[in-house]
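Comments concern the structure below.
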Amino acid sequence: MKRFRQPEAFALVQQHYEPLVFNARMDSPTTVRVMLLDEATGESLLLTGLPCRISLSRAEIAGLIAAIDADAAALRPGLLNKLKRSLRLG
């Protein structure tokens, strides 16, 4: 099973959320803080406590994206409307 180091995994997540700005950093040894920003409108969303590791499998990347999508849909439903929605997990 191929694993992606966190920078590589986050680059794939960034591609998924283009044209939004995606920023992530660890907020504990097992969780990550994620910020999505629409530079055109200034709308943003900050999520904390999302499960994440130093290296991620394809399934874990998909799970992170699903968690972000679910929280964004509940908290800022309009933020995800412009997404290209193409995830390449090579």
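The numbering used here puts the first residue of the sequence shown at 2, with every later residue one more than the last.
Quick reminder that beta carbons are idealized off the backbone N, C-alpha and C, glycines included.
Nothing here was measured: the structure is a model prediction, and the numbers come from that model.
A distance below 7 Å between beta-carbons, with the five flanking residues on each side excluded, links Met2 to the following residues of its chain, in chain order: Ser58. Going by DSSP, Gly64 is part of the alpha helix (DSSP H) stretching over Arg59 to Leu76.
Looking at Gly43, Glu61 and Glu40, the one whose alpha-carbon comes closest to that of Val33 is Glu61. In this structure Val22 is exposed. Its beta-carbon is surrounded by fewer than 16 other beta-carbon atoms within 10 angstroms.
Leu38 carries a strand assignment under DSSP once its states are collapsed to helix, strand and coil. Under DSSP, Arg54 shares a beta bridge with no residue. Within its own chain, the residues whose Cβ lies closer than 7 Å to the Cβ of Tyr18, once the five positions on either side in sequence are excluded, are Leu37 and Leu84, listed in chain order.
No Cβ-Cβ contact shorter than 8 Å links Glu44 with Leu76.
For Glu9, the enclosing alpha helix (DSSP H) begins and ends at Gln7 to Tyr18.
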